Each structure stands twice: as structure tokens, then as C-alpha cells.
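What the sequence shown shows, in my numbering, is residues 291 to 464, in sequence order.
The C-beta atom is built at its ideal place from N, Cα and C for all residues, glycine as well.
Nothing here was measured: the structure is a model prediction, and the numbers come from that model.
One structure is given here, and the rest of the page talks about it.
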Amino acid sequence: METEYLLPRFRELPQLGLYSDQVVTLVNEVLSPLLPADSHSKKEAQPFTASMLNNYVKLRILTAPVKKQYSREQVATAIVLCILKQVYSISEIAALISFALDSAELPKAYDRFCALFEQILVCTREKTDYASVPAADDTLYLLKTVLISCSAKFYAKAQLRKMNSDNTTAFNFD
291 METEYLLPRF RELPQLGLYS DQVVTLVNEV LSPLLPADSH SKKEAQPFTA
341 SMLNNYVKLR ILTAPVKKQY SREQVATAIV LCILKQVYSI SEIAALISFA
391 LDSAELPKAY DRFCALFEQI LVCTREKTDY ASVPAADDTL YLLKTVLISC
441 SAKFYAKAQL RKMNSDNTTA FNFD
């Protein structure tokens, strides 16, 4: 989390349909800075798998692919799912997505999610107050609090990885 992390905006996602393995690869590439390789197992973290993608379709959190291809709307939703699943249950995520889409179309809601998440990641990294991130309405305030919890978890995991790699103790009271 030392460098600025940017999520791809909706218009930057592929316009052509992607097969499930391509969706999995893309989502994992997007999330790799937040979920780097596990230093203990020396293998890359796989925050998103083909079986997860299939389960999200079965649970109707993601719409079914058309001719086995996923649209950029589905890819955007998968990115959001993977970020939120670090803290929230699938049923909570489904409710949050539904709530967010009540107030905006998916491209706008996704881009707002990206922008706010990036701002909150910066606040977390720089240890600054979140009050400077505006929350003009209830939907935005809910999104802000959800993303604060996700950012805090990513930050805590990054710091724990750093402490483990430095062989330092987590709590030093001296």
C-alpha cells in the first residue's frame, strides 16, 4: 500500500465479452496490489477463482454470462465483490450492491465506488482523518463506512505481512 492504488474505471474495462478464466485473471490482476503473495506459502493470493465466479452467478449476485462471456458490468461487479468480501458476507454484499444501484446506474455507481475507495486508501495509508472525504447523502455515507472498514482490513493485513517479513514482534511495550 506504499504507492497510490488506482482501480480501473468503468470505461477502462474491456468492452468485449470475457470468458470466465479471463475475468478471473483480470480481477486478480486488479486486486494483486491489495492482496500480494503470501510470504509463508510463497504463492500468489487468489482472491478470486472460477468457482467463486460460478457461485456468484448461482446466487444471482452476478447475472449469468451470455454465450459464456461476461460483460464489463459483470466484471465491475466482480471487482466490487472481491473487495467487499474481505470484510462482508455475501448476503451483506448483495444488499449493499442493490442499495447502491437504487441511486445510480452501474457505471456511475462503480466509478463512485472506485474514487471513494482510492481516497479512503490514501487516508488510511497517510493516517489522516476520513472527515475530509465528503458524504452528502445516506447512500454515499454507507458506502464510505463500508469502504473504511475494507481499507482498514487491507492496511492491517499489509502491516502484519510487513512485521512478519521483518521478523519483528507485533506488540512491543518497551
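Would you give the residue range spanned by the alpha helix (DSSP H) that E408 belongs to? 396-416
Spatial neighbours of Q364 within its chain, please: C-beta separation below 8 Å, excluding the five flanking residues on both sides. V313, L352, T353, P355
Residue closest to K443, alpha-carbon to alpha-carbon, out of L325, P304, L308: L325
Outcome for L306 when other beta-carbon atoms lying within 10 angstroms are tallied against a minimum of 16: exposed
N-terminal and C-terminal residue of the alpha helix (DSSP H) that I351 is part of: From DSSP, I351 is part of no alpha helix (DSSP H); its letter is neither H nor E.
What does DSSP give as the partner residues of Y309 in its beta bridges? Beta-bridge pairing links Y309 to no other residue.
Quick check on DSSP: helix, strand or coil for Q376? coil
Which residue's Cα is closest to the Cα of Q449: L349, L297, R415, Y309? R415
Cβ contact (3+ pairs, closer than 8 Å) linking the segment 296-303 and the segment 396-404: yes
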